[in-house]
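Student: Just dropping this structure here.
Number of protein chains: 2
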Amino acid sequence: MTETPARRGPWIVNATRRVYDNPWIGISEHDVTDPGGNPGLYGVCEVKSVAVGIVPVDAQGHVWLVGQHRFPRDYYSWELPEGGGRLDVPPIDSARRELKEETGLTAGNWLEILHTDFSNAISDEIGVGFLAWDLTVGDADPDPDEKIDIRRLPFAAALEMALAGEIRDAFSQNMLMKVEILGRRGSLPGPVADALGYPA
Amino acid sequence: MTETPARRGPWIVNATRRVYDNPWIGISEHDVTDPGGNPGLYGVCEVKSVAVGIVPVDAQGHVWLVGQHRFPRDYYSWELPEGGGRLDVPPIDSARRELKEETGLTAGNWLEILHTDFSNAISDEIGVGFLAWDLTVGDADPDPDEKIDIRRLPFAAALEMALAGEIRDAFSQNMLMKVEILGRRGSLPGPVADALGYPA
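Dropping the structure here:
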């Protein structure tokens, strides 16, 4: 328990306790004075990694999806390659590692396409999304606790899965829609626009 | 502590403990056997509400954003109207309530435009997004612990904020991009397409 009257914008933090920790997440519970001036409690889920996600586009306009059973909601989920990077490692380096581990792909070119905060009333988790192209296929090396499937399909088909709700993961939906919008605006890198059939 | 050997897809749950609770979130910690067959721990952040979000479009093609200081990452955030609905209440009813509370708006027409899972490796939180139109302006009635600002602006300007990262909230980014994509495809309801200048 620390007694640290401090401000976060209109919030006053009167005390903070660490009430839960595991290797991946923790909960800090704060006694606060809320913006309305009333005493309250705020428990923040602190995530010990930065989420990185990748849209890997090959010369035929295909992308890769990763399928796995997601434990928290108990369902099988197709997603873009994603993972957690160390907070002290540049997200691009974590993205390179995750792409290689999950799909075996290495990419000659990378472009950061979005930053996003997943649930900013509850957690401090952030995500950084990348476009990757000029791909070379190699051997995957998934984490031993992961059991994943890999699927290569046209970008347009992956986008339709996101729009139809067959891809339920917010990060994947977000990245796929952003590529579509940038593509229609002529704002994608030339080789990616060519591969995906968007105007240059 | 409950001893409940049970399956979640390729995961085996050997025991579950409730290790944290506040009125809004809790943590269930599970002793698992992971898909690779190894013993492990999985702490799930369980969210006691369903996130609802609204894109409220008026006849002039404007939308409303809500600004507030988000405590977990300590920054001021412009977002679409959003809130948490009770798990036992239909999301559309929670969306009507949140829209009215935060902006004073009531809408004659509603369309569900997306389902999303915000952070499906860590939490069980889900979001349901709606398009709302045929708007009537009334008095807002924000929660006493909220201190929010309201801004009405053209939809196109809000979309640009999302694409540029000035809107950092994943749910808002997701809803704004989905409306843009549906709009360009001619898949929005006629009055909304007309107001936003998309093909009918």
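Each protein sequence line maps, in turn, to chains B and U.
The first sequence begins at 1 in the numbering used here and counts up one residue at a time.
The second sequence begins at 1 in the numbering used here and counts up one residue at a time.
We put the beta carbon where it would ideally sit given N, CA and C, even for glycine.
1) Tell me which same chain residues have a C-beta within less than 7 Å of the C-beta of glutamine 173 of chain B, skipping the five on either side of it?
2) Start and end of the alpha helix (DSSP H) containing alanine 157 of chain B?
3) Using CA coordinates, which residue listed in B:Ile181, B:Asn120 and B:Val47 is at the minimum distance from arginine 185 of chain U?
4) Between the C-alpha atoms of valine 57 of chain U and valine 128 of chain U, what's the straight-line distance to the nearest angstrom?
5) Please compile the residues from chain U whose C-beta is within a distance smaller than 7 Å of the C-beta of isoleucine 27 of chain B.
6) What runs of the beta strand (DSSP E), each 3 residues or longer, lie entirely inside the region 114-156 of chain U?
7) What separation, rounded to the nearest whole angstrom, lies between the Cα atoms of glutamate 146 of chain U and proline 39 of chain B?
8) Can you tell me where the beta strand (DSSP E) with valine 52 of chain B in it begins and where it stops?
9) What is the DSSP secondary structure of asparagine 210 of chain B, counted as helix, strand or coil?
10) Could you give the distance in angstroms between the alpha-carbon of glycine 67 of chain B and the alpha-carbon of proline 144 of chain B?
11) Apart from the five residues just before and just after isoleucine 25 of chain B, which ones in its own chain have a Cβ nearer than 7 Å to its Cβ?
12) Smallest Cα separation from tryptophan 78 of chain B: which of B:Arg86, B:His69 and B:Lys178?
13) Since aspartate 169 of chain U meets chain B, which of its residues come closer than 7 Å, beta carbon to beta carbon?
14) For a test of the three-state rule: what should DSSP assign to alanine 107 of chain U, helix, strand or coil?
15) Return helix, strand or coil for glutamine 68 of chain U, following the three-state DSSP convention.
16) So with Cβ pairs under 8 Å, would you call valine 137 of chain B a contact of chain U?
17) Can you name the residues of chain U whose CB is closer than 8 Å to the CB of tryptophan 11 of chain B?
18) Relative to the C-alpha of aspartate 141 of chain U, which residue among U:Glu125, U:Pro10, U:Glu98 and U:Trp133 is closest?
19) Give me the Cα-Cα distance between alanine 121 of chain B and glycine 53 of chain U, rounded to the nearest whole angstrom.
20) According to DSSP, what are the bridge partners of proline 39 of chain B?
21) Against chain U, which members of the region 39-65 of chain B pass a CB distance test of less than 7 Å?
22) Nearest chain B C-beta to proline 189 of chain U closer than 8 Å, yes or no?
23) Around the C-beta of glutamate 82 of chain U, are 16 or more other C-beta atoms found within 10 angstroms, so that it is buried, or is it exposed?
24) Would aspartate 74 of chain U count as contacting chain B if we go by Cβ distances under 8 Å?
25) Taking arginine 8 of chain U as the query, report the chain B residues whose CB atoms sit under 8 Å from its CB, ordered along the chain.
26) Please list, in chain order, the chain B residues whose beta carbon lies closer than 9 Å to that of glutamate 146 of chain U.
27) Going by C-alpha distance, which of U:Val55, U:Thr16, U:Pro10 and U:Val137 is nearest aspartate 74 of chain B?
28) Specify the secondary structure class of alanine 6 of chain B as computed by DSSP and reduced to three states.
29) Use the C-beta contact count for threonine 103 of chain U: other C-beta atoms within 10 angstroms, 16 or more gives buried, fewer gives exposed.
30) With a 10 Å radius around its C-beta and 16 neighbouring C-beta atoms as the bar for buried, classify proline 199 of chain B as buried or exposed.
31) Identify which residue in U:Ser123, U:Lys100 and U:Asp134 has its Cα closest to the Cα of leucine 111 of chain U.
32) Would you mind giving the Cβ-Cβ distance between glycine 165 of chain U and leucine 114 of chain B, rounded to the nearest angstrom? I have them listed as a contact below 8 Å.
33) Using the Cα positions of proline 35 of chain B and isoleucine 148 of chain U, report the straight-line distance between them to the nearest angstrom.
34) Cβ of proline 91 of chain B within 8 Å of Cβ of glycine 85 of chain B?
35) Which chain B residues are close to methionine 177 of chain U, counting only those with a beta carbon under 9 Å from its beta carbon?
36) If I follow the unbroken beta strand (DSSP E) through serine 187 of chain U, where does it start and stop?
Tutor: With the structure as the only source:
1) In the first sequence, residue 173 of chain B corresponds to position 173, counting from 1. Correct list, in chain order: Ala162 and Ile167.
2) The sequence position of residue 157 of chain B within the first sequence is 157, counting from 1. Its alpha helix (DSSP H) spans residues 155-163.
3) For the purposes of this step, residue 185 of chain U is taken as residue 185 along the second sequence, with counting starting at 1. Per the Cα distances, B:Ile181.
4) What you label residue 57 of chain U is simply residue 57 of the second sequence in a count that begins at 1. What you label residue 128 of chain U is simply residue 128 of the second sequence in a count that begins at 1. Those two C-alpha atoms are separated by around 17 Å.
5) Residue 27 of chain B sits at position 27 when you count from the first residue of the first sequence. Within chain U, the residues near isoleucine 27 of chain B are Tyr20 and Ile27.
6) Every beta strand (DSSP E) stretch that sits fully inside the region 114-156 of chain U and reaches 3 residues is listed by chain position as 126-137 and 149-154.
7) Looking up residue 146 of chain U in the second sequence gives position 146. Looking up residue 39 of chain B in the first sequence gives position 39. Separation of glutamate 146 of chain U and proline 39 of chain B (C-alpha to C-alpha, rounded to the nearest whole angstrom) is 13 Å.
8) Translated into positions along the first sequence, residue 52 of chain B becomes position 52. 50-57 is the span of the beta strand (DSSP E), which, as asked, contains valine 52 of chain B.
9) The requested residue 210 of chain B is not part of the displayed model; chain B covers only 1 to 200.
10) On the first sequence, residue 67 of chain B is found 67 positions in, with the first residue counted as 1. On the first sequence, residue 144 of chain B is found 144 positions in, with the first residue counted as 1. In a straight line, the C-alpha of glycine 67 of chain B is about 15 Å away from that of proline 144 of chain B.
11) Within the first sequence, residue 25 of chain B is the residue found at index 25, counting from 1. Only Cys45, Glu46, Val47 and Lys48 meet the Cβ criterion.
12) Here residue 78 of chain B corresponds to residue number 78 of the first sequence, with the count starting at 1. Measuring from the Cα of tryptophan 78 of chain B, the nearest candidate turns out to be B:His69.
13) Translated into positions along the second sequence, residue 169 of chain U becomes position 169. The contacting residues are Asp117 and Asn120.
14) Start at 1 with the first residue of the second sequence, and residue 107 of chain U comes out as number 107. It is a strand residue.
15) Counted from its first residue, the second sequence places residue 68 of chain U at position 68. Note: glutamine 68 of chain U maps to strand in three-state DSSP.
16) Here the question's residue 137 of chain B lines up with position 137 in the first sequence. Taking CB atoms only, valine 137 of chain B has no neighbour in chain U less than 8 Å away.
17) By one-based count along the first sequence, residue 11 of chain B stands at place 11. Residues of chain U passing the Cβ test: His69 and Phe71.
18) Taking the second sequence and counting its residues from 1, one reaches residue 141 of chain U at position 141. Aspartate 141 of chain U has its Cα closest to that of U:Glu98, out of U:Glu125, U:Pro10, U:Glu98 and U:Trp133.
19) In the first sequence, counting from the first residue as 1, residue 121 of chain B sits at position 121. In the second sequence, counting from the first residue as 1, residue 53 of chain U sits at position 53. Taking the CA atoms as reference points, alanine 121 of chain B sits about 13 Å from glycine 53 of chain U.
20) One-based indexing of the first sequence puts residue 39 of chain B at position 39. As a beta-bridge residue in DSSP terms, proline 39 of chain B pairs with B:Thr33.
21) Taking a C-beta cut-off of 7 Å against chain U, the contacting residues of the region 39-65 of chain B are Gly40, Leu41, Tyr42, Gly43, Val44, Cys45 and Val47, listed in chain order.
22) Looking up residue 189 of chain U in the second sequence gives position 189. So no, proline 189 of chain U is outside the interface.
23) Within the second sequence, residue 82 of chain U is the residue found at index 82, counting from 1. It counts as buried.
24) Translated into positions along the second sequence, residue 74 of chain U becomes position 74. By this cut-off, aspartate 74 of chain U is an interface position.
25) One-based indexing of the second sequence puts residue 8 of chain U at position 8. Within chain B, the residues near arginine 8 of chain U are His69, Phe71 and Asp74.
26) Numbered from 1 along the second sequence, position 146 holds the residue referred to as residue 146 of chain U. Those within 9 Å of glutamate 146 of chain U in chain B are Asp34, Pro35 and Gly36.
27) Mapped onto the first sequence, residue 74 of chain B falls at position 74. Of the listed residues, the one whose Cα sits closest to aspartate 74 of chain B is U:Pro10.
28) Along the first sequence, read from residue 1 onward, the residue named residue 6 of chain B stands at position 6. Look at alanine 6 of chain B here: in three-state DSSP terms it is strand.
29) Indexing the second sequence from 1 puts residue 103 of chain U at position 103. Buried.
30) Taking the first residue of the first sequence as 1, we reach residue 199 of chain B at position 199. The residue in question, proline 199 of chain B, is exposed, as its Cβ has fewer than 16 Cβ neighbours within 10 Å.
31) As a position in the second sequence, residue 111 of chain U is number 111, starting the count at 1. Per the Cα distances, U:Asp134.
32) Within the second sequence, residue 165 of chain U is the residue found at index 165, counting from 1. Within the first sequence, residue 114 of chain B is the residue found at index 114, counting from 1. A Cβ-Cβ separation of about 7 Å places glycine 165 of chain U in contact with leucine 114 of chain B under the 8 Å criterion.
33) For the purposes of this step, residue 35 of chain B is identified with residue 35 of the first sequence, where counting begins at 1. For the purposes of this step, residue 148 of chain U is identified with residue 148 of the second sequence, where counting begins at 1. Distance between the alpha carbons of proline 35 of chain B and isoleucine 148 of chain U is about 9 Å.
34) On the first sequence, residue 91 of chain B is found 91 positions in, with the first residue counted as 1. On the first sequence, residue 85 of chain B is found 85 positions in, with the first residue counted as 1. Yes; because the gap between Cβ atoms is below 8 Å, this pair is in contact.
35) In the second sequence, the residue the question calls residue 177 of chain U occupies position 177. Those within 9 Å of methionine 177 of chain U in chain B are Gln173, Asn174, Met177, Lys178, Glu180 and Ile181.
36) In the second sequence, residue 187 of chain U corresponds to position 187, counting from 1. No beta strand (DSSP E) contains serine 187 of chain U, which DSSP labels as neither H nor E.
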